[in-house]
Amino acid sequence: MEIFFTANFAYILLLTGMLLGLLAMVTPGTGLLEVGALFVLAAAGYVAFNLGPEAFNAWALIPLGLGLVPFLAALRYKHQRGPLLASAILLAITGSIFLFKSPEGSLVGVNPLLAVVVSVLYSGSLWIMVERSLAAMLQPVAHNLDVVIGQIGEARTRIKENGSVQVGGELWSAHSETAIPAGSAVRVLARDGFSLLVEKESHSPN
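Numbering-wise, the sequence shown is residues 221 to 426 according to the working numbering.
As structure tokens, then:
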């Protein structure tokens, strides 16, 4: 069990939780990313708590916090998205690597090879997924979105206050007055921005 209470494991959990949290901000939601981020970050906090206060470099929280600034700016300023996203990734990785000390008290407690591998995976995953999500969000509307009203689609998740449906080959956020199980056929009743009001379709589409 000692392997789960080390700076290396806390580092993996921290970056994983941050990745899920940032992706939740740009992905129309089912709530799964948010729940996953909270669960993983809570686990990272638990491991960090067991390492003790002497295992931390408190100043490393500064770049971690500052990393949110260029990330949020990247969501708004599409022409500077690349440099801003790169800055956010660099600050997040720097802060997480230096957040934990080694048991011997050295400044960096994370294994260098592990730091390189996890950082590359984190950077690549975040870059690709955010670029694709933002590109889809910023793509100009090429047709009347109201054409989805009346169409029949499929609930990709359970739908009540929120959820996701596949309609006309596109993934939409959706809500319903009654609970709809995942996989059910649904009919679109109305559109509110980029969210659809749907109901369960009693007959399968032809």
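Ideal Cβ positions, reconstructed from N, Cα and C, are used throughout, including at glycine.
Neighbourhood of residue i by C-beta, 7 Å cutoff - its chain only, sequence neighbours within 5 removed
i	result
A230	A264, V267, A268, L271 and F320
T247	L253 and S353
L240	L253, G256, A257 and V260
A312	M238, L284 and G287
V368	V387, G388, V408, R411 and L416
N426	Low confidence applies to N426: its pLDDT is 43, below 50, so where it sits in the model is not reliable, and the reading given next is rough at best. Hits under 7 Å: none found.
Cross-strand partners of residue i (DSSP beta bridge)
i	result
L258	Looking at the DSSP assignment, L258 forms no beta bridge with any residue, so it has no partner.
A263	DSSP lists no partner for A263.
F320	F276
Residue i versus the options, residue with shortest Cα-Cα distance
i	options	result
S316	Q386, A405, S393 and W279	W279
E381	I369, G373, V368 and H395	H395
G389	G373, G403 and G383	G373
L327	T314, L310 and G383	T314
Start-to-end residues for the alpha helix (DSSP H) that takes in residue i
i	result
L234	A227 to V246
Residues near residue i in its chain [Cβ-Cβ closer than 8 Å; skip 5 each side]
i	result
F224	V267
A275	A227, A268, F320, K321, P323 and G329
Where the beta strand (DSSP E) containing residue i begins and where it ends
i	result
L417	S415 to K420
>> Ignoring anything shorter than 3 residues, give me the beta strand (DSSP E) runs that lie fully in the segment 337 to 408, in order along the chain.
In response: 372 to 375, 384 to 387 and 390 to 395
>> If we require 4 or more residues per run, which alpha helix (DSSP H) segments fall completely within the segment 270 to 316?
In response: For the segment 270 to 316, whole alpha helix (DSSP H) runs of length 4 or above, ordered along the chain, are 281 to 286 and 288 to 296.
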